[in-house]
Amino acid sequence: ESLGGLKAKRFLPSLKLIRKEISAGKLASDKNLSVDLHSNLDLIITRLEPEVTPKKFASLLLSFAEICTRHGESDLASSIYTRVLAIAHKNQLQKNFLGRTLFGQSVISSNQAKFKDSVSLLRKEKQHFYEENDKNGLAECYNNLGTIEAEKGNSKNALNYLQSAMENLAGR
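Given below as structure tokens:
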């Protein structure tokens, strides 16, 4: 198995536990498994950082954060996103990672019904993707803004955002 271009033999026990927890869907529901996830993920992160380039490391962290977000581990995901931003800033990689990190943080805020925070992050993200001419990124932003507006009961605003998302996808 390869992990970011490295042989992952020494990480296999930790990776297997993480996969087991993810496939069992028990990340947030079982405190002991969740603690094991945190400690094993921390072990992998600590051991990998000195062995890969900052860009590969930040990319791996983003993947971990996205997995944690999907499975309800919002606090862990948020701390990983913060670490990605620090690595990106230190190594001048903001262009590569700012959009996905802001997106992940906005998803966490939205999942916690912190719509004001989520909208603020999505607007920053939208500006970033606009400057990068990233149509897919813009479509994701507009889609999430539309979803938030729909959840708040603002169907007209929701429809406008969702139409903007479709227009960006069509204009790729």
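Note that this note's numbering has the sequence shown beginning at 99, numbered continuously upward.
Even glycine gets a Cβ: it sits at the ideal position worked out from N, Cα and C.
Nearest-angstrom Cα separation, counted from residue j out to residue i
{"i": "Ser253", "j": "Asn138", "result": "43 Å"}
{"i": "Leu293", "j": "Lys214", "result": "It is not possible to answer for residue 293, since the shown part of the chain is limited to 99 through 270."}
{"i": "His187", "j": "Met264", "result": "32 Å"}
{"i": "Lys224", "j": "Asp140", "result": "31 Å"}
{"i": "Lys154", "j": "Ser177", "result": "18 Å"}
{"i": "Glu229", "j": "Lys193", "result": "10 Å"}
{"i": "Arg145", "j": "Ala184", "result": "18 Å"}
{"i": "Glu249", "j": "Ala211", "result": "9 Å"}
As assigned by DSSP and simplified to three states, the class of residue i
{"i": "Thr189", "result": "Checking the sequence shown, residue 189 turns out to be Asn, not Thr. Asn189: coil per DSSP, three-state reduction."}
{"i": "Thr151", "result": "coil"}
{"i": "Asp215", "result": "helix"}
{"i": "Gln261", "result": "helix"}
{"i": "Asp173", "result": "helix"}
{"i": "Asn234", "result": "helix"}
{"i": "Gln210", "result": "coil"}
{"i": "Asn241", "result": "helix"}
{"i": "Gly269", "result": "coil"}
{"i": "Asn255", "result": "helix"}
{"i": "Lys250", "result": "coil"}
Presumed contact (8 Å Cβ cut-off) between residue i and residue j, rounded CB distance
{"i": "Ala156", "j": "Leu196", "result": "Their Cβ separation, rounded to whole angstroms, is 11 Å, which puts Ala156 and Leu196 out of contact at 8 Å."}
{"i": "Asn189", "j": "Pro152", "result": "4 Å"}
{"i": "Leu267", "j": "Lys233", "result": "7 Å"}
{"i": "Thr167", "j": "Val205", "result": "6 Å"}
{"i": "Asn255", "j": "Leu220", "result": "In fact, because the Cβ distance is near 13 Å, the residues do not count as touching under 8 Å."}
Close beta carbons around residue i, own chain, < 8 Å, minus the five adjacent residues each side
{"i": "Gly202", "result": "Leu160, Ala163, Glu164, Thr167, Ala175, Tyr179"}
{"i": "Asn231", "result": "none"}
Sequence-distant residues of its chain with Cβ nearer than 7 Å to residue i (five each side left out)
{"i": "His136", "result": "Leu174"}
{"i": "Ile246", "result": "Ser208, Phe213, Ser216, Val217"}
{"i": "Gly244", "result": "Ala256, Tyr259, Leu260, Ala263"}
Sequence-distant residues of its chain with Cβ nearer than 6 Å to residue i (five each side left out)
{"i": "Gly235", "result": "Gly197, Phe227"}
{"i": "Tyr240", "result": "Tyr259, Ser262, Ala263"}
{"i": "Glu222", "result": "It is Lys, not Glu, that sits at residue 222 in the sequence shown. Hits under 6 Å: Leu200."}
{"i": "Ser172", "result": "Ile206"}
Heavy atom of the ligand ADP within 8 Å of residue i beta-carbon
{"i": "Pro148", "result": "Annotation note on the ligand ADP: not contained in the displayed structure, which lists no ligands."}
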